[in-house]
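Worksheet: the structure to be examined is printed underneath.
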Amino acid sequence: MTTTVPIRADARRLPLVAVDHVEAVEGGFVGRKKVVRDDPYLAGHFPSLTVYPGVFLIESLQQMLELHLDGALGGVELVEVGSARFSRPALADDEVLFEVAVDRDGDRLVTKATCSTRGQRCARIVATWRHRT
Amino acid sequence: MSQTHPDPGDLLPYGYPALHVDRIARHTPGAMEAVKAVTYHELDSHLGTARPGRFPATLTLESFLQACGLLVLQESEEADGQLLIFGSARGVRVLGAAGAGELLVHSVELVDRDEETATFTGVSRASGDGRIVLEVERAITLIRPAGSLGDPESAA
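For the protein sequence lines, the chains are A and B, in the order given.
Reminder that position 20 of the first sequence reads as 19 in numbering that gives the first Met the number 0, one-by-one numbering, no gaps.
Reminder that position 119 of the second sequence reads as 118 in numbering that gives the first Met the number 0, one-by-one numbering, no gaps.
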């Protein structure tokens, strides 16, 4: 998959770019990711219907945070998912909107994300991250 | 290699490259050990030139959740036509990563089960030195008919 998003050479990430756009807002950022039916990685989930996996929402959140902080992918590691709740599936052609508050906790970052598709909440994720060393 | 448990590919509805469990190693009522092999063959598509190759945290969690799904499906009388959908989780702690050449070994335990939900706890270890790479305090999966996936009220 080609992309124009900068990626650190030592990045550890999924084989897909899980973010389309990130915009800084007061206290955090807003990100967007469209679920693409013919993305090779989604071919198997599921073979008969494209559903963006819940853990990919966490991956999208990570990549959005990386772009927000560094302007490139690959600079952040997941420490903990404090809580995650998935209430609706993100299907092919859905655009997932991430509204994310970012707080610092010492050398860690805590994100509180609300994800929505078609104006309805599909997930809430509270996670802790650290910069890669 | 003798095969005393069902093949994960026969129980889980995922196709390539979304299936992240290779083998059920042990199953007792309410508990399962399931294994994924981590290789550069797969990691290179994830990592490009990054070395050493380590399995990404989000896919480690996905693999753990698939092991949970295998446990419920293995113990269901009507596994055909059922899907396990990731509903919620808390206390998921990433303590490390399995590297190329290691096995990712999930030990999952069924904490509670009713008709529509199943609650799990467990850990994932890297086989090289047995270190814990993932701890999951609670993960809840929703049990749904396969045909409900297109229903927007279903979870992810």
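Every residue, glycine too, gets a C-beta built ideally from N, C-alpha and C.
Should residue i go down as buried or exposed, given a rule of 16 or more other Cβ atoms within 10 Å for buried?
i, result
"A/Pro5", "exposed"
"A/Tyr51", "buried"
"A/Gly73", "buried"
"A/Thr1", "Interpretation of A/Thr1 is limited by its pLDDT of 42, a score under 50 that renders its predicted location unreliable; the figure taken from the coordinates is listed afterwards. Exposed, since its Cβ has fewer than 16 Cβ neighbours within 10 Å."
"B/Glu115", "exposed"
"B/Ala17", "buried"
"A/Arg93", "Checking the displayed sequence, the identity of residue 93 of chain A turns out to be Asp instead of Arg. That one is buried."
What residues from chain B crowd round residue i, counting only those whose CB sits closer than 8 angstroms?
i, result
"A/Leu77", "Ala56, Thr57 and Val93"
"A/Val54", "Thr57, Leu58, Leu60, Glu61, Leu64 and Phe85"
How many angstroms separate the CA atom of residue i from the CA atom of residue j?
i, j, result
"A/Thr116", "A/Leu77", "24 angstroms"
"B/Arg92", "A/Trp128", "11 angstroms"
"B/Gly129", "B/Val104", "9 angstroms"
"A/Val95", "B/Val34", "32 angstroms"
"B/Ile23", "B/Asp6", "7 angstroms"
"B/Thr59", "A/Glu25", "33 angstroms"
"B/Ser85", "A/Phe45", "Rather than Ser, the amino acid found at residue 85 of chain B in this sequence is Phe. If you take the alpha carbons of B/Phe85 and A/Phe45, they lie about 14 angstroms apart."
"A/Arg131", "A/Val101", "17 angstroms"
"A/Cys114", "B/His4", "38 angstroms"
"B/Ile142", "B/His40", "33 angstroms"
"B/Gly121", "B/Ala97", "16 angstroms"
"B/Leu102", "B/Phe54", "10 angstroms"
"A/Val18", "A/Val34", "10 angstroms"
"A/Arg136", "B/Glu32", "Since the first and last residues shown for chain A are 0 and 132, residue 136 of chain A lies out of range."
Could you tell me which residues DSSP puts in a beta bridge with residue i?
i, result
"A/Phe55", "DSSP output for A/Phe55 lists no bridge partner at all."
"B/Ala117", "B/Arg112 and B/Thr140"
"B/Met31", "B/His26 and B/Val107"
"B/His4", "In the DSSP output, where bridge partners are listed per residue, B/His4 has none listed."
"B/Gln81", "B/Pro144"
Is any heavy atom of the ligand PLP found at a distance shorter than 6 angstroms from the C-beta of residue i?
i, result
"B/Thr38", "Ligands displayed in this structure: none; no statement on the ligand PLP is therefore possible."
Tell me which residue opens and which closes the beta strand (DSSP E) that residue i is part of.
i, result
"A/Val95", "Glu94 to Asp104"
"A/Ala83", "Val75 to Phe85"
"A/Val24", "His20 to Val24"
How far does the alpha helix (DSSP H) with residue i in it reach, from first residue to last?
i, result
"A/Ala126", "No alpha helix (DSSP H) contains A/Ala126, which is instead part of the beta strand (DSSP E) from Gln119 to His130."
"B/Leu172", "Nothing about residue 172 of chain B can be reported from this structure: the residues present for chain B run from 0 to 155 only."
Could you tell me which chain A residues have their CB closer than 7 angstroms to the CB of residue i, listed as they occur along the chain?
i, result
"B/Arg89", "Gly81 and Ser82"
Just to make sure I have the definition right: I need the residues of chain B whose C-beta is within less than 7 angstroms of the C-beta of residue i. Which are they?
i, result
"A/His44", "Tyr13 and Ala17"
"A/Glu58", "Thr57"
Near-chain D residues of the segment 83 to 108 of chain A (beta-carbon distance less than 8 angstroms), N- to C-terminal order: Going by chain labels, chain D is absent from the structure shown, which instead holds the protein chains A and B.
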